[in-house]
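Engineer: As numbered in full-length UniProt numbering, residues 1 to 181 make up the sequence shown, in order. From the three backbone atoms N, C-alpha and C, an ideal C-beta is built for every residue, glycine too.
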Amino acid sequence: MAGTREVTGDRARDEKLRQELLKSEKEAAEHVMLVDLARNDLGKVCELGSVKVPIYRKIVKFSKVQHIVSKVVGVLKQSADSFDVLEAVFPAGTVSGAPKIRAIEIIHELEEVPRGPYAGGVGFFEKDEADFAINIRSFYATEAKLYVQAGAGIVADSQPEFEYKETQHKASALLGALGVR
């Protein structure tokens, strides 16, 4: 998932935002970069030539936002297991950036507060399978505070005001669940 517009509840406005999302060169470039990162990450643990993108740049609508979504799949190497997959893909490029290793270093240098569960994996292991998702919107509590976490992808063409507003739209579903508007 990379590329976001709000959902307003107005069908015509939402369709206009959907079209804007699909036509945006910035969003397309960011999405292509992140699909390539995912392909590269999976390529480390999948059979040579098996990594595919069966769903590419589909718009998926949620309660407060709509996203460009792609699906990257591959056939796991005989020598790899679910733990190897998690190690290869986390943190995902969608929450770290590219080049991945340097982007993670910069995140550690610049972010004043640890991410906690944000950008980590949420899922389960069973005997012969695992299913995990990236924790991109969450809240968690400590004894004294409640943290609401959401983010936006920053690229060279990003406009800070737009990215901030995008983060607010993403967090609004969480805040709504808490009765905060």
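Take every Cβ of the stretch 59-79, pair it with every Cβ of the stretch 101-109, and state whether three or more of those distances are shorter than 8 Å.
Structural biologist: No, they do not touch.
Engineer: For the putative contact between residue 38 and residue 72, defined by C-beta atoms under 8 Å, what is the C-beta separation to the nearest angstrom?
Structural biologist: At roughly 4 Å, the Cβ-Cβ gap stays under 8 Å, so residue 38 and residue 72 are in contact.
Engineer: Which runs of the beta strand (DSSP E) at least 3 residues long sit entirely within the stretch 36-90? Give them in chain order.
Structural biologist: 52-61, 65-73, all fully within the stretch 36-90.
Engineer: What number of angstroms, rounded off, separates the C-alpha of residue 103 from the C-alpha of residue 140?
Structural biologist: Distance between the alpha carbons of residue 103 and residue 140 is about 25 Å.
Engineer: Ignoring anything shorter than 4 residues, give me the alpha helix (DSSP H) runs that lie fully in the stretch 95-181, in order along the chain.
Structural biologist: Within the stretch 95-181, the complete alpha helix (DSSP H) runs of at least 4 residues are 100-110, 160-177.
Engineer: Have a look at 151, 3, 82 and flag the residue whose alpha-carbon is nearest the alpha-carbon of residue 170.
Structural biologist: The candidate whose alpha carbon is nearest that of residue 170 is 151.
Engineer: To the nearest angstrom, report how far apart residue 74 and residue 143 are at their CA atoms.
Structural biologist: In a straight line, the C-alpha of residue 74 is about 42 Å away from that of residue 143.
Engineer: Kindly list the residues whose CB is nearer than 7 Å to the CB of residue 166, restricted to its own chain and excluding five residues on each side of it in sequence; keep chain order.
Structural biologist: Result list for residue 166: 4, 152, in chain order.
Engineer: Go through its chain and collect everything with a Cβ distance to residue 82's Cβ below 8 Å, but skip five positions before and after it.
Structural biologist: So the qualifying residues of the chain are 125, 129, 130.
Engineer: Which residues in the same chain have their Cβ closer than 7 Å to the Cβ of residue 50, if we skip the five residues on either side of it in sequence?
Structural biologist: The residues are 74, 75.
Engineer: Locate the alpha helix (DSSP H) running through residue 14, then write down its first and last residues.
Structural biologist: Residue 14 -> alpha helix (DSSP H) spans 11-23.
Engineer: Taking the C-alpha atoms as reference points, what is the distance between residue 175 and residue 148?
Structural biologist: Using only the alpha carbons, I get a separation of about 8 Å.
Engineer: Among 84, 21, 133, whose alpha-carbon lies nearest the alpha-carbon of residue 94?
Structural biologist: Ranking 84, 21, 133 by Cα distance to residue 94 puts 133 first.
Engineer: Just how far apart, CA to CA, sit residue 23 and residue 33?
Structural biologist: If I take the Cα positions, the gap works out to 16 Å.
Engineer: Enumerate in chain order the residues of its own chain whose CB-to-CB distance from residue 146 is below 7 Å, with the five nearest sequence positions on each side excluded.
Structural biologist: Cβ within range, chain order: 139.
Engineer: Would you mind working out which of 137, 160, 69 sits nearest residue 172, comparing C-alpha positions?
Structural biologist: Of 137, 160, 69, the residue nearest in Cα terms is 137.
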